[in-house]
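Novice:
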Amino acid sequence: MYAGKDDRGLGAIGKTSQVVMDLVVELHNTNHHLYVDNFYTSPVLFLLLKERGILAAGTARPRKGYPYDQLKGTVQQKRADVAWLTEKDRKMTTLRWKDKKDVFFLSTIHPPPVVPA
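In UniProt numbering, the protein residues as written are 1 to 117.
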């Protein structure tokens, strides 16, 4: 989908996030779940969607706004090891999963993993 050349008035959201927001405008406050790939995943977009009653999840690229530095310090020895981070307000969960390369995931749908005591 072509979003056009003009990006005035988008602020911090960006063109790709604005495309998603335009496509889901009729779904506000319906408690739908939206799954996207890493091209569309961003913390800003997911929080905007959550404010509008749409929960989201998707693989992520470690870029601006993604808490990569906090997860990078976690030690992951073997394949399938998982490190996770949840914000204090519990609005979003971030995962780093060890495969051949690290796989990053953001979600406002899934709660943080429960760790047995």
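For each residue, glycine too, the CB sits at the ideal point set by N, CA and C.
1) Sort F105, E87, V82, H110 by Cα distance to D37 and report the nearest one.
2) What runs of the alpha helix (DSSP H), each 4 residues or longer, lie entirely inside the segment 7-40?
3) How should F46 be labelled, buried or exposed, when 16 other C-beta atoms within 10 angstroms of its C-beta is the threshold for buried?
4) Who pairs with V44 in a beta bridge, going by DSSP?
5) Do the segment 20-31 and the segment 47-65 touch if we need at least three Cβ pairs shorter than 8 Å?
6) Among the candidates T41, A56, D89, A60, whose CA atom is the shortest distance from the CA of V103?
7) What residues are listed by DSSP as bridge partners for A56?
8) In the DSSP assignment, the beta strand (DSSP E) including K98 goes from what residue to what residue?
9) Quick one: what's A83 bridged to in DSSP?
10) To the nearest angstrom, how far is it from the Cα of T16 to the Cα of T41?
Specialist: Checking against the coordinates, here is how it stands:
1) F105
2) The segment 7-40 contains these whole alpha helix (DSSP H) runs: 15-23.
3) buried
4) Answer is none; V44 lacks a bridge partner.
5) yes
6) A60
7) L34
8) 93-98
9) R96
10) 9 Å
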